[in-house]
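Below is one structure; the comments refer to it alone.
Written out as structure tokens, the structure is:
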């Protein structure tokens, strides 16, 4: 008579494998995608015409495929972008080559001069994502610094520490005015 071969009980092996997999997933760091948190404006109604923007109200920032910056046709550096954007949007001396301002009645702030300036961001198809994010961060930082300065002067608190009504007032006084064009080959006609 033939001898029986002993079998291994592998039911606990499945449990151990599951525990090891769970341990690995919980202890390892999984890279998350980087992105830009920004709320898009609602689309214009179909019967409304696109608003006309005067040339003096546009600050053009271009990034080429070699990750070089141009501000209004001048070669620029990423380190200077924040200050240039703040100067453009704020136009503290009401220069004629910088954006016009419109006087608006804003709740909690009263009559304020609000810039009509728009930052137009254009990038090349070959622009690196890192450079694109750096430019976006500098533009967002410029707007955040301006909002923080206004909040400190009007409410004696930082922008992050004010209530929702105050934040809405500051947002009306300093709107996010960044327009992005579809990526092209810089120099190529659309």
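Numbering (my numbering), first residue to last: 17 to 206.
Yeah, the Cβ is synthetic: ideal placement off N, Cα and C, and Gly gets one too.
Item	Value
Skipping 5 residues on each side, what residues in its chain have a beta carbon closer than 6 Å to that of residue 178?	167 and 171
Mind checking who residue 87 pairs with in its DSSP beta bridge?	77 and 90
Quick check on residue 106: buried or exposed, where buried means 16 or more other Cβ atoms within 10 Å of its Cβ?	buried
When you compare the CB positions of residue 190 and residue 162, do they come within less than 8 Å of one another, or not?	yes
Rank 76, 138, 91 and 176 by C-alpha distance to the C-alpha of residue 114 and give the top, closest one.	76
So the alpha helix (DSSP H) residue 32 belongs to, where does it begin and stop?	27-43
Once DSSP output is grouped into helix, strand and coil, what is the label at residue 188?	helix
Taking only three categories from DSSP, how would you classify residue 205?	Bear in mind that the predicted position of residue 205 carries a pLDDT of just 48, short of 50, making it too unreliable to give a figure here.
Run through the DSSP bridge pairs and tell me what residue 120 is partnered with.	128
In the structure shown, what three-state DSSP assignment does residue 164 receive?	helix
In whole angstroms, what is the alpha-carbon distance linking residue 121 and residue 158?	24 Å
Applying the criterion that 16 or more other CB atoms from any shown protein chain within 10 Å of the CB defines a buried residue, is residue 26 buried or exposed?	exposed
How many angstroms separate the CA atom of residue 103 from the CA atom of residue 109?	9 Å
For residue 94, which residues from the same chain have a beta carbon less than 6 Å from its beta carbon, with the 5 sequence-adjacent residues on both sides left out?	150
Classify residue 139 as helix, strand or coil using the three-state DSSP reduction.	strand
Determine the DSSP secondary structure at residue 195, reduced to helix, strand or coil.	strand
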